[in-house]
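This note's numbering numbers the first residue of the sequence shown as 269 and each following residue consecutively. Yeah, the Cβ is synthetic: ideal placement off N, Cα and C, and Gly gets one too. These figures come from a predicted structure and were not determined experimentally.
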Amino acid sequence: QVQLVESGGGLVQAGGSLRLSCTASGSGFSIVSMGWYRQGPGKQRDMVATITSGGSTNYADSVKGRFTISIDNAKNMVYLQMNSLKPEDTAVYYCNAVVRGRVMGNVWGQGTQVTVSS
Numbered sequence: 269q270v271q272l273v274e275s276g277g278g279l280v281q282a283g284g285s286l287r288l289s290c291t292a293s294g295s296g297f298s299i300v301s302m303g304w305y306r307q308g309p310g311k312q313r314d315m316v317a318t319i320t321s322g323g324s325t326n327y328a329d330s331v332k333g334r335f336t337i338s339i340d341n342a343k344n345m346v347y348l349q350m351n352s353l354k355p356e357d358t359a360v361y362y363c364n365a366v367v368r369g370r371v372m373g374n375v376w377g378q379g380t381q382v383t384v385s386s
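Shown next, in the form of structure tokens:
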């Protein structure tokens, strides 16, 4: 079994920064890719950024130039540095991992709230 635990959410003023962290724990797996998704009030869950274990990244257009995703393969951790935050970034942010090994498939964290005040 693989578990993801997020941290780093909170309340910040527009223009501010936050850094989200996510740790994957368990045994018998390796990371294919990790990423961050978000779900605002009354909205569907959308991709924010993803990164492969090799370091290839993909960003939603709305966050390009403001958010940076990074991965620490040795620690099975992924980070999301969020700068120049806007009220429309307010959402629950979910960590995702695609894993293989004895455990295979998509794994989701419990989510962390990010609120950006205007």
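Collapsed DSSP secondary structure at residue i in the structure displayed
i: Ser-338; result: strand
i: Ser-385; result: strand
i: Ser-295; result: coil
i: Ser-324; result: coil
i: Ser-330; result: helix
Residue burial classification, residue i (beta-carbon count within 10 angstroms, cutoff 16)
i: Leu-286; result: buried
i: Leu-348; result: buried
i: Ala-342; result: exposed
i: Glu-356; result: exposed
i: Leu-279; result: exposed
i: Gly-277; result: buried
i: Arg-306; result: buried
Selected residue, minimal CA-CA separation from residue i, among the options
i: Ile-337; options: Gly-310, Ser-386, Leu-279, Cys-290; result: Cys-290
i: Arg-368; options: Gly-284, Val-273, Ala-292; result: Ala-292
i: Gly-310; options: Met-350, Ala-359, Val-375; result: Ala-359
Strand pairing of residue i, partner residues [DSSP]
i: Gly-373; result: Val-367
i: Gly-278; result: Val-382
i: Arg-287; result: Gln-349
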